[in-house]
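Just so we're aligned, residue 505 is where the sequence shown starts under our numbering, counting upward by one.
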Amino acid sequence: KEVEKTIIQAALLVMFVVMLFLQKWRATIIPVMALFVSIIGTFAGMYLLGYSINMLTLFGMVLAVGIVVDDAIVVVENIERNMQERHLSAKEAAICAMKEVTAPIIAIVCSLCAVFIPVAFLGGIAGELYRQFALTIAISVVISGFVALTLSPAMGAIFLKEQEPPRWGKIFNRFFEWVTRGYLFITEKVFSLQMVALLFFASLLGAVGYLVVKIPTSLVPQEDQGYLMALAYLPDGASLERTVAVDGIVQKIAKEHPGVEQIASLTGFSVIESLARTGVGTNFIILKDWDKRESKALSAAKIQEDLNRAFLEKIDDALVLVVNPPAIQGLGTVGGLEFWLENRGDGGDEILQQAILDFIEKSKQIPALRPLR
505 KEVEKTIIQA
515 ALLVMFVVML
525 FLQKWRATII
535 PVMALFVSII
545 GTFAGMYLLG
555 YSINMLTLFG
565 MVLAVGIVVD
575 DAIVVVENIE
585 RNMQERHLSA
595 KEAAICAMKE
605 VTAPIIAIVC
615 SLCAVFIPVA
625 FLGGIAGELY
635 RQFALTIAIS
645 VVISGFVALT
655 LSPAMGAIFL
665 KEQEPPRWGK
675 IFNRFFEWVT
685 RGYLFITEKV
695 FSLQMVALLF
705 FASLLGAVGY
715 LVVKIPTSLV
725 PQEDQGYLMA
735 LAYLPDGASL
745 ERTVAVDGIV
755 QKIAKEHPGV
765 EQIASLTGFS
775 VIESLARTGV
785 GTNFIILKDW
795 DKRESKALSA
805 AKIQEDLNRA
815 FLEKIDDALV
825 LVVNPPAIQG
835 LGTVGGLEFW
845 LENRGDGGDE
855 ILQQAILDFI
865 EKSKQIPALR
875 PLR
């Protein structure tokens with residue numbers, strides 16, 4: 505529902521911006537028609553590819569709403585300019601405008617497709633996640649380009665008429681001209697000092713490179729979803745009574761944290777393996793409302809860290825891990841990294857245990873990783 509609302513808001517905002525700058529309802533209706541035709545065509549393309557209306561395709565539509573009107577706006581603005589500057593009729597202005605903007609529109613469509621279509625060929629889980637998102641945008645871009653080369657100039661030749669802008673439009677135009685002159689003045693001053701401009705550009709490139717190195721990377725970001733899971737693992741063959749006792753200690757420790765609202769236990773079941781096991785306890789830790797956890801000390805990540813430390817110090821009968829659920833439901837059972845270490849040699853359990861300890865020790869040297877357990 506929120507994504508659908510966002511699409512409607514984006515369409516209304518596009519209509520407002522077009523009306524603000526073109527200042528004629530006849531000129532505004534052409535990009536709006538192009539928007540709806542492009543969206544209908546995008547749904548048809550999704551149907552042919554076997555895609556459904558889901559979160560990924562709808563997110564692609566949200567982004568596409570702002571893209572698909574660009575080509576139509578370029579056509580309408582060029583027709584308007586030819587009508588005003590050359591005093592041509594709407595039909596003649598449309599023909600003249602298409603001679604000028606056909607190549608740029610095709611170039612825009614090709615450049616956008618060159619960005620999004622390769623994403624559809626990514627391998628692994630990343631490709632599965634972003635394929636529908638990328639192809640939805642690519643389809644909308646291609647259709648919007650076709651509409652801009654066919655429907656938009658035809659509607660411009662029929663609907664557009666030369667007329668004076670309204671009073672509010674004249675006021676806005678004067679303000680926009682003042683902003684334009686200021687921008688041109690600053691630009692001329694900057695480029696008159698070529699060395700300063702080059703240094704500024706180089707500093708921007710350096711800042712981008714620094715941020716690329718410093719900002720953490722991940723496939724799916726960890727999110728504060730308002731709850732955590734505490735998984736208690738007892739030795740194989742442990743009785744259900746021992747697991748219940750450990751879950752009781754887990755509940756007591758968790759409730760002492762100021763960021764925890766309540767906790768519910770599911771004793772004897774492993775959510776990781778989706779199996780019933782008497783020696784495993786699953787505890788759902790419900791956090792307080794986000795409005796009551798505005799400080800970083802009460803964030804889900806910090807609470808997870810605090811509880812992991814507390815369980816490690818106070819519980820000896822079991823291994824208790826606090827995990828953050830995955831940001832995308834169905835993409836694994838827990839957030840973060842999950843891996844298996846397999847012994848393919850002839851060594852016994854002692855060698856495998858030593859390899860695990862060595863791996864954990866080396867992982868502490870990587871700042872992006874939290875302590876492994």
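Note that CB positions come from ideal geometry on N, CA and C, so glycine has one too.
Practice task
May I ask you to report which of helix, strand or coil DSSP gives residue 822?
Solution key: For the purposes of this step, residue 822 is taken as the residue at position 318 of the sequence shown. Here residue 822 sits in coil by DSSP.
Exercise for the section: Could you check if residue 766 is buried or exposed, using at least 16 other CB atoms within 10 Å of its CB as the buried criterion? Expected result: Within the sequence shown, residue 766 is the residue found at index 262, counting from 1. Taking every protein chain shown into account, the CB of residue 766 has fewer than 16 other CB atoms within 10 angstroms, so this residue is exposed.
Problem - residue 781: first and last residue of the uninterrupted beta strand (DSSP E) it sits in - result: Within the sequence shown, the letter at position 277 stands for residue 781. Segment 779–791, the beta strand (DSSP E) holding residue 781.
Problem - Where residue 594 falls: helix, strand or coil (DSSP) - result: Position 90 of the sequence shown holds residue 594. Correct three-state label for residue 594: helix.
Handout entry: Cα-Cα separation, residue 580 to residue 660
Key = On the sequence shown, position 76 is the one that residue 580 refers to. On the sequence shown, position 156 is the one that residue 660 refers to. The alpha-carbon atoms of residue 580 and residue 660 are separated by roughly 7 Å.
Practice task
Can you grab the Cα-Cα spacing for the pair residue 620 / residue 642, in whole Å?
Solution key: By one-based count along the sequence shown, residue 620 stands at place 116. By one-based count along the sequence shown, residue 642 stands at place 138. If I take the Cα positions, the gap works out to 6 Å.
Problem - Reduced DSSP category for residue 609 - H, G, I as helix; E, B as strand; rest coil - result: Looking up residue 609 in the sequence shown gives position 105. Of the three classes helix, strand and coil, the one that applies to residue 609 here is helix, per DSSP.
Problem - At least three beta-carbon pairs within less than 8 Å, the segment 728–736 to the segment 799–812 - result: Judged by Cβ distances under 8 Å, the segment 728–736 makes contact with the segment 799–812, as three or more pairs qualify.
Practice task
Given a cut-off of 7 Å, decide if residue 810 and residue 750 are closer than it, judged by their beta-carbon atoms.
Solution key: Taking the sequence shown and counting its residues from 1, the one referred to as residue 750 is at position 246. Taking the sequence shown and counting its residues from 1, the one referred to as residue 810 is at position 306. Cβ atoms of residue 750 and residue 810: not closer than 7 Å.
Problem - Option in 788, 633 and 576 with minimal Cα separation from residue 658 - result: Mapped onto the sequence shown, residue 658 falls at position 154. The residue with the shortest Cα to Cα distance from residue 658 is 576.
Practice task
Confirm, please, whether the CB-CB distance from residue 752 to residue 637 is below 7 Å.
Solution key: The residue given as residue 637 occupies position 133 in the sequence shown. The residue given as residue 752 occupies position 248 in the sequence shown. Cβ atoms of residue 637 and residue 752: not closer than 7 Å.
Handout entry: Sub-7 Å separation of residue 780 and residue 788 beta-carbons
Key = Taking the sequence shown and counting its residues from 1, the one referred to as residue 780 is at position 276. Taking the sequence shown and counting its residues from 1, the one referred to as residue 788 is at position 284. Contact flag unset, no.
Problem - Straight-line Cα distance separating residue 582 from residue 599 - result: As a first step, residue 599 is located in the sequence shown; it is residue number 95 there, counting from the start. As a first step, residue 582 is located in the sequence shown; it is residue number 78 there, counting from the start. For residue 599 and residue 582, the gap between their C-alpha atoms comes out near 10 Å.
Problem - At least 3 beta-carbon pairs within less than 8 Å: the segment 600–610 vs the segment 645–659 - result: In short, these stretches touch, since the Cβ pair count reaches three.
Practice task
Taking residue 867 as part of the alpha helix (DSSP H), name the residues at either end of that continuous run.
Solution key: One-based indexing of the sequence shown puts residue 867 at position 363. First-last of the alpha helix (DSSP H) with residue 867: 853–867.
Exercise for the section: Keeping to the same chain, check which residues put their C-beta closer than 6 Å to that of residue 635; ignore five residues upstream and five downstream. Expected result: Residue mapping note: residue 635 aligns to position 131 of the sequence shown, counting from 1. Answer for residue 635: 624, listed in chain order.
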